[in-house]
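A short worksheet on the structure shown next.
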Amino acid sequence: MASTYGAAQVLVASNRGPVSYAVGEDGSLNAKRGGGGLVSGLSAIGSDADALWVCSALSDGDREAVRRGVGEDGVRMLDIPADVHADAYNGIANSVLWFVHHMLYQTPLEPVFDAEFRRQWASYETYNRAFAEALAEEAAQGAAVVVQDYHLTLVPGMLRELRPDLRIGHFSHTPWAPPEYFRMLPDDVAGQVLRGMLGADRLGFLTQRWADAFAACAERFAGGSGHAGRGARAGADADFLRKRSHEPDVEERMAALREEIGEGRRTIVRVDRTELSKNIVRGLLAYRRLLETHAEWRERVVHVAFAYPSRQDLAVYRDYMAEVERLADEINAEYGTPGWTPVLLHLKDDFARSLAAYRLADVALVNPIRDGMNLVAKEVPVVSDAGCALVLSREAGAYEELGEDAITVNPYDVTATAVALHEALSMRPEERAERSKRLAAAATALPPAQWFVDQLEALRG
Ligand code: F6P
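Take the sequence shown: its letter number 439 is residue 898 in the working numbering, and every next letter is one higher.
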């Protein structure tokens, strides 16, 4: 047990923190603050709450900041050795655990749990222990700690041993695998993950479906279901999005996009991190099928697809990105004409351009294989100028809230997705606007930070 207690009353632990640093050419450190639900959640707690965010140093700039003792109030970055972090983050979290919960493995090649996996698993344990020890050191007596995501599944159990006085929560932003899939993990590892999570007083998931899957795994493989429940659902930040999407840089990008799309054409928009669960390849196959079966849309529609780089340290993510590019080129070669490019694929992350696409969208395509929630499905209807039709996978968490006014699809069914795209493009403008309004209302029913505030209340309650 820690001999002295820290001062923080509310602690958040996550791999990625609210700030990152880059070393400038003159050696100075430049801080870049991130946005998102967690950041606004923490600001909602108020400044007198003695809140502390414990996160990992991710870049050379971050590590340099830790070494120089540069930092922000309320943030503690852990300088975990780069090779340990790489094993834990790339090897275990983004390869194994991400693939299990999103059910992405493909036989006969994967998964293979060999000596390399065991080495990476040991790093995952070390990485989780570093978080548990830092939290144990910083937390005041009886403080509330909310641990985030699949990177840190062992932390609740480890922290419970170090500090039995704390109120510990864990929140998953991903789906949770059903028992029949989860059991492919080595038995001891599956048990460690589940028992680690069960060390928490409360476990939060974005939908009841993911909470039930966790409870089923815990019952079958760890002899207890814990207090797993659905968290408040993450909402889209309507005020921020509406204001930001009318700023000059977005207007500029709209003009450029309009030029690229061409006069009078419909747009099908998708915006994703290029990551296998997003199912971008099947989305493109469905679009190709649409052009094949509905010749009337040729020259009259453009698929605006933004596929931003993600987790590029891993070959499987790089290969996926290459496949997306290859297929987009193939469709353009097959159907394109001198005045019409059927797929406008952009690979460079640009938030202002994403908002510009949201505003121009007639149809939003969100077809993940599995997704904890999916915020794009919530954001596009809020921002779209004329109202958009939403083609939505029934495997996205957002389906629970938006399913009624979306056109829903089985993400594996390319033929049905092509039919759904046709239906969305053919929807009468009045119906589209009506549905879009209801989608936007459902997406913004809760303030974006509410889920985090609710987590804390439930923990303290
Ligand atoms: O979208 C689910 C999620 O787990 C987020 O909570 C988290 O920020 C993200 O994925 C992690 O991915 P990355 O490390 O690539 O940012």
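Even for Gly, the Cβ is constructed at its ideal location relative to N, Cα and C.
Item                                                                                                                                                       : Value
Could you pull the DSSP bridge partners for F765 from this structure?                                                                                      : V730, H805
Can you say whether R577 is buried or exposed, counting buried as having 16 or more other CB atoms within 10 angstroms of its CB?                          : exposed
Exposed or buried, K491, counting other C-beta atoms within 10 Å across all chains shown (16 or more means buried)?                                        : exposed
To the nearest angstrom, how far is it from the Cα of R785 to the Cα of M643?                                                                              : 32 Å
Just to confirm, is the Cβ distance from A598 to L625 under 7 Å?                                                                                           : yes
For the candidate residues E882, A602, L898, A875, whose alpha-carbon lies nearest to that of Y858?                                                        : L898
Hey, A855 and V822 are a contact pair by Cβ (cut 8 Å); roughly how many whole angstroms apart?                                                             : Not really, about 16 Å apart at Cβ, beyond 8 Å.
Examine ligand 1 and report whether any of its heavy atoms sits within less than 6 Å of the Cβ of R770.                                                    : yes
Sorry if obvious, but does the Cβ on D808 come closer than 6 Å to a heavy atom of ligand 1?                                                                : no
For the pair the stretch 555 to 575 and the stretch 510 to 521, tell me if three or more CB-CB distances fall below 8 Å.                                   : no
List, from N- to C-terminal side, the alpha helix (DSSP H) runs of 4 residues or more that fit wholly inside the stretch 464 to 523.                       : 496 to 504
Are the beta-carbon atoms of V775 and V728 separated by less than 7 Å?                                                                                     : no
How is D663 classed by DSSP in three states: helix, strand or coil?                                                                                        : Correcting the residue type first, residue 663 is Gly in the shown sequence and not Asp. Residue state, collapsed to three classes: strand.
Check I539 in the structure and name its three-state DSSP category.                                                                                        : coil
Within 10 angstroms of the Cβ of P870, are there 16 or more other Cβ atoms? Answer buried if so, exposed if not.                                           : buried
So, does the stretch 627 to 637 touch the stretch 570 to 585, judging by three or more C-beta pairs under 8 Å?                                             : no
When you measure from the CB of T633 to every non-hydrogen atom of ligand 1, does any distance come out below 6 Å?                                         : yes
Counting only runs of 4+ residues fully inside the stretch 596 to 625, write out the alpha helix (DSSP H) ranges in chain order.                           : 614 to 621
Could you pull out every residue in the same chain whose Cβ sits closer than 6 Å to the Cβ of A675, ignoring the five residues on either side in sequence? : P638
Let me know the secondary structure DSSP gives D830 once reduced to three states.                                                                          : strand
By DSSP, does F572 sit in helix, in strand, or in coil?                                                                                                    : coil
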